[in-house]
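Q:
Residue numbers (the working numbering): 56 to 244.
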């Protein structure tokens with residue numbers, strides 16, 4: 056009986072606190088209505104959050120990651136994302152192709168029809184040189200923070216983490232960036 060009463064009180068308190076201090080709701084940008092050119096170029100992956108720890112395991116192996124986003128020559132609504140990742144002492148390169156489909160808010164990852172990728176503005180974190188990507192699948196929901204500069208200010212990283220903690224997205228990883236960047240066939244220390 057006491058356990059049930061305590062559970063009820065916690066439930067009522069959580070409802071009350073949500074009304075008094077609601078979590079901010081950040082809507083994604085409509086990718087189909089954006090100018091892709093403003094997002095082209097180099098992006099540094101800095102941190103990620105998810106409800107499930109297993110959604111972040113790949114990122115825990117990384118030291119640093121640099122992405123380059125470009126349009127394909129044949130179709131301006133097709134984006135090529137190339138990532139140069141430092142995993143341990145090795146540099147690993149991978150590429151992903153995204154399609155922008157008119158009338159949709161998300162980007163479609165080729166070969167992964169169940170995955171939706173949403174883009175959020177970094178202005179929500181007071182970082183005009185940042186973007187947040189959300190990847191959603193039936194068993195996946197994670198948010199990743201990218202910046203135009205290699206080092207994103209500490210307060211922006213904390214705001215990113217806190218923004219999603221309010222929504223019970225508590226698993227967090229930040230890339231240490233201790234071993235230097237992999238930049239294609241070059242390494243930067």
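Ideal Cβ placement from N, Cα and C applies to all residues, glycine included.
All of these numbers come straight from a predicted model, not from anything done at the bench.
(1) Going by alpha carbons, who is nearest to residue 233 out of 206, 118, 201, 93?
(2) Between which two residues does the beta strand (DSSP E) harbouring residue 174 extend?
(3) On the DSSP bridge list, what partners appear for residue 117?
(4) Whole angstroms is fine: what's the gap from residue 153's alpha carbon to residue 136's?
(5) Residue 101 and residue 187 look like a contact to me (Cβ under 8 Å); what is the Cβ gap, rounded to whole Å?
(6) Classify residue 207 as helix, strand or coil using the three-state DSSP reduction.
(7) Could you work out which residue in 239, 97, 222 is closest to residue 104 when comparing CA atoms only?
(8) For residue 185, which option in 236, 209, 111, 139 has the closest C-alpha, if you only look at C-alpha atoms?
(9) Which residue wins for smallest C-alpha separation from residue 236, given the options 139, 202, 159?
A: Short version:
(1) 118
(2) 171-176
(3) 142
(4) 8 Å
(5) Contact flag wrong, Cβ pair sits at about 11 Å.
(6) coil
(7) 222
(8) 209
(9) 139
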